[in-house]
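These notes concern the structure reproduced below.
In my numbering, the protein residues as written are 3 to 204.
Structure below.
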């Protein structure tokens, strides 16, 4: 079984992801894979430098993510070029990792942790979709505190993503992460039990 986990910026998705892993889920982290496919020596990084120039590299040959991010932020044409290079490689690597896990344990619950699960079309490739939800005001407060942003900057980042209330329409399970950790953990345990029941046909 493949369960897709998504949320919004500052929704606490990483915390929820760790809770599922502690219960036995096998994690495939899209952000981690996205870093892997553009490491020095990869075709992904070669293609990025061919399109965006070698000045997106640090002195040690690693990708300078901040510089690349500044290059594409607010420029849909440049972002589309970046996504066309990175996204297919991420999808292929995630599929490969998932195949390896399920070949080793056909009954495993593979958790795809993907920020843009819905926007990127990957929601169609998972068996269930789990959304980590918080009210927008909680996102705003957390983002300002965590990243040292002004309210305007934080809201711009939140508004650049699909609203969480819109993502709810795609979700089989919603975890409300606006309370304390115990409340979140209780919800995660309930969803985990439901996933195990679905897997066994209970």
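Glycine is no exception: its CB is placed at the ideal position from the N, C-alpha and C atoms. The model shown is predicted, which means the values in this text are computed figures rather than measured ones.
Over the uninterrupted alpha helix (DSSP H) stretch that includes residue 193, give me the two end residues. 183 to 202 is the extent of the alpha helix (DSSP H) around residue 193.
In whole angstroms, what separates the C-alpha of residue 152 from that of residue 106? Rounded to the nearest angstrom, the two C-alpha atoms are 47 Å apart.
Could you tell me the boundaries of the alpha helix (DSSP H) in which residue 71 lies? Residue 71 -> alpha helix (DSSP H) spans 67 to 74.
Measure how close the beta-carbons of residue 19 and residue 115 come, nearest whole angstrom, since I'm counting them as under 8 Å. About 5 Å separates the two Cβ atoms, so the contact holds.
For residue 133, name the three-state secondary structure that DSSP assigns. In the three-state scheme derived from DSSP, where H, G and I count as helix and E and B as strand, residue 133 is classed as strand.
Runs of alpha helix (DSSP H) wholly within the region 97 to 161 (minimum 4 residues, chain order): Those alpha helix (DSSP H) runs which fall completely within the region 97 to 161 and span 4+ residues are 138 to 149, 153 to 161.
Where residue 158 and residue 141 are concerned, what is the direct C-alpha to C-alpha distance, given to the nearest angstrom? Between the alpha carbons of residue 158 and residue 141 lies a gap of roughly 12 Å.
Just mark residue 179 as buried or exposed, buried being the case when its beta carbon has 16 or more other beta carbons within 10 Å. By the neighbour-count rule (16 or more Cβ atoms within 10 Å), residue 179 is buried.
Endpoints, the alpha helix (DSSP H) within which residue 46 is located: Under the DSSP assignment, residue 46 falls in the alpha helix (DSSP H) whose first and last residues are 45 to 54.
What are the boundary residues of the alpha helix (DSSP H) that includes residue 173? Bounds of any alpha helix (DSSP H) do not take in residue 173, whose DSSP letter is neither H nor E.
Counting along the chain, where does the beta strand (DSSP E) carrying residue 5 start and finish? Here the beta strand (DSSP E) through residue 5 covers 4 to 8.
From which residue to which residue does the alpha helix (DSSP H) around residue 31 run? DSSP places residue 31 outside any alpha helix (DSSP H); the residue lies instead in the beta strand (DSSP E), whose first and last residues are 28 to 31.
Spatial neighbours of residue 170 within its chain, please: C-beta separation below 8 Å, excluding the five flanking residues on both sides. Answer for residue 170: 133, 135, 176, listed in chain order.
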